[in-house]
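Heads up: the structure comes next, in structure tokens.
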Amino acid sequence: MTARRFAAVGAVVMLAGSRPQSMAAGPTIEFSQVPPADEGGTARLGTIEGRVDGARARERIVLYARSGDWYVQPFTSEPFTPIQADSTWRSSTHLGTEYAALLVDAAYRPPTKTPALPGIGGDVAAVAVTRGTPPWWRARWFQIACLGMVVLAGLGLHRHRVQRLARELDARAAERVAERTRIAQELYDTLLQGFLSASMQLHLAVDQLPEGSPDRARLDVVLQAMGRAVDEGRCVLQGLRSADRDADRLESSLERSSGTNSTQTGEDA
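Every position in the sequence shown, counted from 1, becomes a number in our numbering once 185 is added.
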């Protein structure tokens with residue numbers, strides 16, 4: 186018997202603990218439409234509405250708008266807003282920076298002006314407070330749009346700077362190419378043409394020497410050196426891959442040719 190009693194008591198405790206929390210929770214107020222935020226006054230009215238969960242039959246809504254202090258809405262002569270059969274409520278209100286909705290008993294007498302809202306207790310069953318809808322330039326979507334525009338403007342500016350830098354680099358590269366082409370043309374018209382003319386004259390001189398002449402063999406070596414120098418000079422002038430390197434190659438080719446001519450001249454002497 187004792188065991189059965191303990192089991193029955195435990196079952197009752199478990200059933201009591203497993204009840205839904207909504208049975209013990211109090212009523213709640215939600216806002217579905219909130220007027221814009223404003224400093225307040227009697228000139229403008231807005232619409233405020235919402236719904237109540239868990240309201241009793243005798244309870245009604247009392248609205249307040251804040252403009253420094255809290256002022257009962259919509260008028261001091263009409264402080265109560267009825268709750269509809271579908272638990273929704275709707276009323277007009279003067280504008281303010283914040284709005285409050287109180288679920289109160291029919292016997293509650295709301296103050297027309299108060300520096301602080303009453304708390305839950307007594308004839309006040311629930312209190313809900315919300316900020317007024319900010320103007321469009323302070324709305325979140327507008328701030329996000331402005332941020333996106335700033336990011337896009339920054340990307341556009343960066344792209345413009347990159348394109349301008351690329352155009353400047355292309356212009357400098359074109360200037361370098363034009364300058365190197367001009368230098369190559371001048372070298373070809375002056376130095377290399379003169380070198381080719383000297384090589385041709387030397388060829389004519391060699392052809393006039395008799396076969397088997399020792400001078401002809403030495404001059405053939407000089408002509409071969411001059412031919413290599415001319416070929417290297419042409420490669421330098423055609424490519425101009427590196428101005429300094431190509432200039433060194435042309436200079437060294439001419440020096441080698443000049444050294445060969447000096448050697449042969451010394452041997453002839």
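Using N, Cα and C, we set each Cβ at its ideal position, and we do this for glycine too.
Asked                                                                                                        : Found
Distance between residue 350 and residue 340 (C-alpha atoms, nearest Å)                                      : 15 Å
When 413, 222 and 268 are compared against residue 214, the one with the closest alpha-carbon                : 268
Backbone CA spacing between residue 363 and residue 347 [nearest angstrom]                                   : 24 Å
Secondary structure of residue 277, DSSP reduced to three states                                             : strand
Cutoff 6 Å; reference residue 223; Cβ partners in own chain excluding five residues on either side           : 280
Rounded C-alpha distance that separates residue 345 from residue 423                                         : 36 Å
Reduced DSSP category for residue 269 - H, G, I as helix; E, B as strand; rest coil                          : coil
Residue 399 - DSSP class collapsed to helix/strand/coil                                                      : helix
Bridge-paired residues (DSSP) for residue 261                                                                : None, per the DSSP bridge assignment.
Span separating the alpha-carbon of residue 254 from that of residue 342                                     : 49 Å
Coarse secondary structure for residue 466, derived from DSSP in three states                                : Since the displayed the chain opens at 186 and closes at 454, residue 466 lies outside it and no answer follows.
Three-state secondary structure (DSSP) of residue 218                                                        : strand
Touching by the beta-carbon criterion (3+ pairs, under 8 Å), the region 242 to 251 and the region 285 to 292 : yes
Neighbour-count burial assignment, residue 276, 16 or more Cβ in a 10 Å radius                               : buried
Sheet register partners of residue 235 (DSSP bridge)                                                         : 216 and 274
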